[in-house]
Amino acid sequence: MDLIEYSISDRIAVIKINRSEKRNALNPRLVNQLTLCFSKAIADSLVKVIILKSSGDVFSAGADLDYLKQLQHSSFVDNEKDTIALMELFLMIYESPKLVIAQVEGHAIAGGCGLVSVSDIVFSVPEAKFGYTEVKIGFIPALVSCFLIRKLGEARVKELLLSGDLINAGTACNYGLINFILPADEIEAGVLEYASLRVNTASANSVSLTKKLLNAVQNLPLEEGLELAVNFNVQARSSEDCKRGISAFLNKEKLNW
């Protein structure tokens, strides 16, 4: 994993993109290593929360310049293979049964902003800018559009994707793209505090079921969504986590998940 630093501490997995000399830009090798790391964290029963961050002062500048040069000569099959790989990474993060927190300490552009878009919770420094600039170089933000329209709605997504303009952290927060803004000297501690709180106060089973339900229910008619919610509710009530939680509540015991 020459492009990634991976570590686990106190049930929190940290996946750190370590390609600051290239502004943490994405290329097939980095996408593959990110996929492997997320797969490892998701499969690890000792991990409850995953933090995605980057080295240097840019979260990710999108596609690597050398990779963009290569694309000029890529075949249809090559382009399809690379696109599917990135799709699988985005989908893995979005559907992760574990909470994924993005710690953004610099600009997140194009594919880099895609990583932000599929994370559950996003912390950012005030100086960071966000945007999907693909249309400015003849690309389209195809994959991210499928996730972003769920998160922000059609009007905001058209504004962002059709213009390719960058927005600051304050605007990104107002739009709902990110959740929290913290100064650079506070964001590391703030993210760890938030992650630790989720580790200790939230049932892993409940987080997994809630994420799965939210991902599914928004595409269903109301009645079908409610039927699915009933099914998930029954699953949750039948779980050992629920029995343990109710017992602790009734006995006024402090529960550490």
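Be aware that the sequence shown starts at 1, since it is given in the working numbering, and climbs by one per residue.
Even glycine gets a Cβ: it sits at the ideal position worked out from N, Cα and C.
Distance check between Glu-186 and each of Ile-42, Ser-9, Val-125 places Val-125 closest, using alpha-carbon atoms only.
Taking each of Ile-42, Gly-56, Ser-45 in turn and checking the Cα distance to Leu-3, the smallest one comes out for Gly-56. If you draw a straight line from the Cα of Leu-209 to the Cα of Ile-51, it comes to about 20 Å. With contact defined as three or more Cβ pairs closer than 8 Å, the segment 130-140 and the segment 100-114 are in contact. In this structure, DSSP gives Ala-61 a state outside helix and strand, which the three-state scheme calls coil.
Given a length threshold of 4 residues, each whole run of the alpha helix (DSSP H) inside the segment 187-213 is given here in chain order: 187-201. With fewer than 16 other Cβ atoms from the protein chains shown falling within 10 Å of its own Cβ, Leu-71 counts as exposed.
Contact between the segment 190-201 and the segment 134-141 is not established, with fewer than three Cβ pairs separated by less than 8 Å.
The Cβ atoms of Arg-29 and Ala-61 lie no closer than 8 Å to each other. The residue from Ile-181, Tyr-175, Arg-244 with its alpha-carbon nearest to that of Asn-205 is Arg-244.
Residues Ser-60, Gly-62, Ala-63, Asp-64, Tyr-67, Leu-86, Gly-111, Gly-112 of the same chain have their beta carbon placed closer than 8 Å to that of Leu-26, with the five preceding and five following residues left out of the count. In this structure, Lys-48 lies away from Arg-19, with their beta-carbon atoms at least 8 Å apart.
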